[in-house]
Amino acid sequence: MPGPYPAIVTQMYNDKKEDNSVKFRIKGDGVTQGPIGLFTIEENSGIVYVHRPIDRETNPIFHVDFDVLDRLTGATLDKTLSFNVEIKDKNDNSPQFTPSTIHAPVPENTPEGVLQAALQAHDIDLKDTPNSQFTMKVVSQDPASPKFTLKDLPSTTTVKQLAFTGCFDYDKTKQYKVLVEARDQGTPTMSSTATVIVDITDSNTHPPEFSSAMYNTEVMEMELKEILRIGIKDKDTPNMPGSRAVFSILKGNEEGNYKIETDSKTNEGVLSVIKGKNFEKTEVTELEIAVENEEKLFRCVDGKAITGPTPKPNTAKVSVKVIDVNDPPVFKKQIEKVYRNENGPLGDVLFVPEIKDEDSDVNKLRYELVQDPAKWVSVDSKTGKITTVQKMDRESSFIKNGTYTVVVHAIDDGQPPATGTCTVVVYLGDQNDNAPYLVSKNAVMCGNKVNRVDVKPTDLDGPPFAGPFTFSLGGEEELKSLWKLDPTTGTNTSLISLTSLPYGSYSVPLKIQDQQGLQAEDVLQVVVCECTGINTCRGRLPFSSRLGPAAIGLLFAGLLLLALLLLFCFLFECQSKNFQHIPLNLQDEGNQTLVKYNEEGGGSIYKPEYAVTDGYRKGENGTLRSPAGYNFQYNFQEMSSGGGVMSMPHHNWSTVQRERNESRQMSRSYSLARTERNLAEHIERKISGFPEEQRDYPAYSPYQYEYEGRGSDCQSLDQLTVSNLGDNLDFLQNLGPKFSNLGGICQQSMERRNVRL
47 MPGPYPAIVT QMYNDKKEDN SVKFRIKGDG VTQGPIGLFT IEENSGIVYV HRPIDRETNP
107 IFHVDFDVLD RLTGATLDKT LSFNVEIKDK NDNSPQFTPS TIHAPVPENT PEGVLQAALQ
167 AHDIDLKDTP NSQFTMKVVS QDPASPKFTL KDLPSTTTVK QLAFTGCFDY DKTKQYKVLV
227 EARDQGTPTM SSTATVIVDI TDSNTHPPEF SSAMYNTEVM EMELKEILRI GIKDKDTPNM
287 PGSRAVFSIL KGNEEGNYKI ETDSKTNEGV LSVIKGKNFE KTEVTELEIA VENEEKLFRC
347 VDGKAITGPT PKPNTAKVSV KVIDVNDPPV FKKQIEKVYR NENGPLGDVL FVPEIKDEDS
407 DVNKLRYELV QDPAKWVSVD SKTGKITTVQ KMDRESSFIK NGTYTVVVHA IDDGQPPATG
467 TCTVVVYLGD QNDNAPYLVS KNAVMCGNKV NRVDVKPTDL DGPPFAGPFT FSLGGEEELK
527 SLWKLDPTTG TNTSLISLTS LPYGSYSVPL KIQDQQGLQA EDVLQVVVCE CTGINTCRGR
587 LPFSSRLGPA AIGLLFAGLL LLALLLLFCF LFECQSKNFQ HIPLNLQDEG NQTLVKYNEE
647 GGGSIYKPEY AVTDGYRKGE NGTLRSPAGY NFQYNFQEMS SGGGVMSMPH HNWSTVQRER
707 NESRQMSRSY SLARTERNLA EHIERKISGF PEEQRDYPAY SPYQYEYEGR GSDCQSLDQL
767 TVSNLGDNLD FLQNLGPKFS NLGGICQQSM ERRNVRL
């Protein structure tokens with residue numbers, strides 16, 4: 047309501063008012079609640095005042111309470127009177143655009159119609175009254191063409207969309223300003239405006255053109271490279287789809303020798319040779335090249351968009367001259383396949399080339415081998431004929447997947463010389479020229495766990511000249527009572543012991559036959575032992591000894607006592623006897639038994655150490671019987687000088703399979719020259735009592751001996767052991783009368799040689 051303020055709104059009355067005994071009170075919106083201080087009441091007269099203008103759009107309604115109070119006591123004399131005061135709308139707000147300024151980018155080639163530019167307005171006056179209802183229209187535009195209008199959107203009256211008729215020309219106008227008004231229908235009417243800025247973006251309205259109508263270039267024969275760059279002119283904005291060039295070859299490239307691409311940085315056309323051109327066929331090639339833009343061409347004439355067929359693109363001619371060069375010889379086939387069997391005859395012709403050369407005499411070509419890793423072939427330098435000079439082995443390491451590859455060059459006499467290449471792949475057929483053999487000739491049988499070992503053969507030949515194999519035992523028939531093979535056919539087998547075997551090394555001859563019947567004999571060395579792990583024999587316990595001071599003293603006391611004993615013998619027993627001088631360092635042949643043997647074949651590649659006898663001694667011939675049907679052969683190596691002390695650093699033993707319980711003679715002799723000799727022999731016997739460590743035994747082929755008669759009934763010395771002697775050496779203190787005789791002999795020899803202890 048118009049001022050001035052405060053202004054009287056109304057006056058309150060009450061029938062209980064008597065003189066000045068009552069007073070009026072107001073409370074509620076605009077009084078005790080926000081906006082506070084808007085309304086007041088004169089307590090005596092009941093006149094209600096408003097103190098400032100009221101904005102309906104902020105507070106459209108007020109709830110106010112009136113009371114009548116006793117002036118003296120303040121008690122309420124009547125019921126509270128409540129009012130809802132509704133503020134009457136006034137057209138004090140104009141429609142407003144959101145936003146008031148709109149930027150709309152529009153491509154130049156946009157067809158006439160609705161643009162992507164929407165205008166929205168709103169009036170906050172009372173809804174559905176003339177004060178809030180409005181209309182929109184284009185008030186002005188700059189420039190005036192093309193004509194902009196507003197289009198209604200369905201189901202709304204507050205949003206309009208900008209539209210135009212005609213076409214845009216980026217070269218003439220790059221931006222338009224359109225002023226739009228929104229006006230309400232109140233009294234008086236109120237309005238506001240919004241500005242739409244239409245930014246035109248360039249499109250393809252100018253076709254590209256070649257800088258020249260004719261181009262000339264040249265290329266070496268059969269050369270692949272870039273040969274020409276072609277520039278263009280385009281009036282559209284650079285680096286836009288409307289100006290980026292797209293080249294094509296219309297004529298002259300029927301064989302696909304050329305291609306043209308666009309350089310993205312320079313927008314040039316790059317002409318390249320992608321397939322060599324033969325001078326003998328074509329010297330000059332005429333190409334016709336066209337250029338267009340990535341974007342379709344758009345044309346606007348006199349404010350109207352031109353529709354219809356697209357005009358033909360701009361074209362240019364390119365003349366390509368081919369320069370002659372020396373062509374290389376060309377084989378009819380770059381890869382030649384040849385099929386032969388391995389081990390073929392020498393001089394076999396594998397390959398005779400078929401070759402041509404466009405500009406050289408094929409009779410003047412020369413040929414060279416480039417790849418022949420095994421040196422199996424040769425090439426005729428004039429004809430190129432490839433023949434074998436060695437047998438070709440399919441199992442050779444030079445064979446890959448059953449093929450052998452040879453590479454040959456043909457070189458002409460041009461300037462510079464040109465070279466042609468041919469690869470000859472020889473497919474070799476397999477023959478049964480390799481017998482099967484054992485993958486491993488050594489095996490360990492854990493006698494305390496299993497009674498078999500795996501036997502794995504292989505064959506270098508391929509099917510059907512390899513497995514499955516047929517297995518059998520070689521050697522003597524007695525072998526079959528100790529071993530068997532199971533299965534007897536297959537890719538693998540197992541060697542099974544039929545009896546409990548003593549720990550040791552066994553040579554088992556095997557026969558292995560491939561699928562075509564080619565047989566080979568091999569020997570499997572089987573070590574039977576007590577295992578502590580997987581195929582791991584228990585090793586020999588390590589030797590260690592240490593003498594304390596008392597033990598060393600006792601040892602020297604014993605030696606001194608022994609020396610005194612020798613002197614005593616010399617003085618009391620040897621003086622009355624005449625001893626025959628026998629040299630101690632002579633090497634005699636010992637007691638031997640010569641037996642004729644039929645040797646089956648070559649034995650081990652290792653030479654056994656020679657058996658020795660010590661000086662002149664009392665020899666004993668014994669026949670030892672092996673209860674399991676094996677011979678045990680011991681070889682001792684003697685290290686001697688002067689009187690000599692025998693030591694046994696090598697203790698080699700092997701077993702020989704026999705038809706029955708065989709016997710053999712062993713000659714053993716013992717000679718005692720000094721106490722140290724006895725000690726060495728005793729220690730060696732102790733060492734031999736320990737089990738052999740696992741080792742790889744050399745290949746061994748068995749010997750067949752003639753039957754020499756029934757063996758000795760004497761107990762075998764091999765079954766004797768010295769382990770019961772322990773470490774007690776007291777037996778050396780009382781060696782008996784035999785030792786005295788030996789001592790006398792030694793003393794006499796020592797006196798003649800001036801040897802002193």
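My numbering puts the first residue of the sequence shown at 47, with every later residue one more than the last.
All C-beta atoms, glycine included, are put in the ideal place defined by N, C-alpha and C.
- When H252, K297, G493 and V337 are compared, the shortest CA-CA separation from I580 is found for G493.
- Secondary structure note for E334: its beta strand (DSSP E) is the uninterrupted segment V330 to N339.
- One alpha carbon belongs to A53, the other to H97, and they sit about 6 Å apart.
- As computed with DSSP, F143 is found in a beta bridge with A167.
- Counting C-beta atoms within 10 angstroms of its own C-beta, N250 has 16 or more neighbours from the protein chains shown and is therefore classed as buried.
- If you look at L127, you'll find it in the beta strand (DSSP E) that goes L127 to E132.
- Residue environment for M438: buried (at least 16 other C-beta atoms within 10 angstroms of its C-beta).
- With fewer than 16 neighbouring CB atoms inside 10 Å of its own CB, T356 falls in the exposed class.
- In the DSSP assignment, I306 falls within the unbroken beta strand (DSSP E) covering Y304 to T308.
- Linking N324 to D370 through their CA atoms gives a straight-line distance of about 8 Å.
- Taking the Cβ atoms as the reference, V453 lies roughly 26 Å from Q477, outside the contact range of under 8 Å.
- Taking C-alpha positions only, V501 is separated from T539 by approximately 5 Å.
- K193 and K206 have their C-alpha atoms roughly 16 Å apart.
- Secondary structure of M236 (DSSP, three-state): coil.
- Between the region 409-427 and the region 502-519, the count of Cβ pairs shorter than 8 Å is below three; the stretches do not touch.
- Secondary structure note for K367: its beta strand (DSSP E) is the uninterrupted segment N360 to I369.
- With respect to K495, C577 sits close: the two C-beta atoms are nearer than 9 Å.
- For N66, the number of other beta carbons within 10 angstroms of its own is below 16, and it is reported as exposed.
- The Cβ atoms of E269 and V319 lie closer than 9 Å to each other.
- For W529, the enclosing beta strand (DSSP E) has its first and last residue at W529 to D532.
- The C-beta of G466 has 16 or more other C-beta atoms within 10 Å across all chains shown, which makes the residue buried.
- Beta-bridge annotation (DSSP): T469 is paired with I381 and V453.
- Under DSSP, the beta-bridge partners assigned to G550 are V574.
- With contact defined as three or more Cβ pairs closer than 8 Å, the region 109-116 and the region 133-141 are not in contact.
- With a contact defined as Cβ atoms closer than 8 Å, F143 and L165 qualify at about 6 Å.
- Within the region 211-260, the complete beta strand (DSSP E) segments of 3 residues or longer fall at 221-230 and 237-247, listed in chain order.
- In the displayed model, K437 falls within coil according to three-state DSSP, outside both helix and strand.
- Under DSSP, D373 shares a beta bridge with no residue.
- Taking a cut-off of 8 Å on C-beta distances, the region 359-378 touches the region 248-262, as three or more cross pairs fall below it.
- DSSP links R345 through a beta bridge to I352.
- Under DSSP, N488 takes part in a beta bridge, and its partners are Q571.
- With at least 16 other beta carbons inside 10 angstroms of its own, S406 counts as buried.
- Per DSSP, reduced to three states, the secondary structure at V408 is helical.
- Residue burial annotation: Q565 is exposed, with fewer than 16 other C-beta atoms found within 10 angstroms of its C-beta.
- The criterion of a C-beta distance shorter than 9 Å is not satisfied by V160 and L225.
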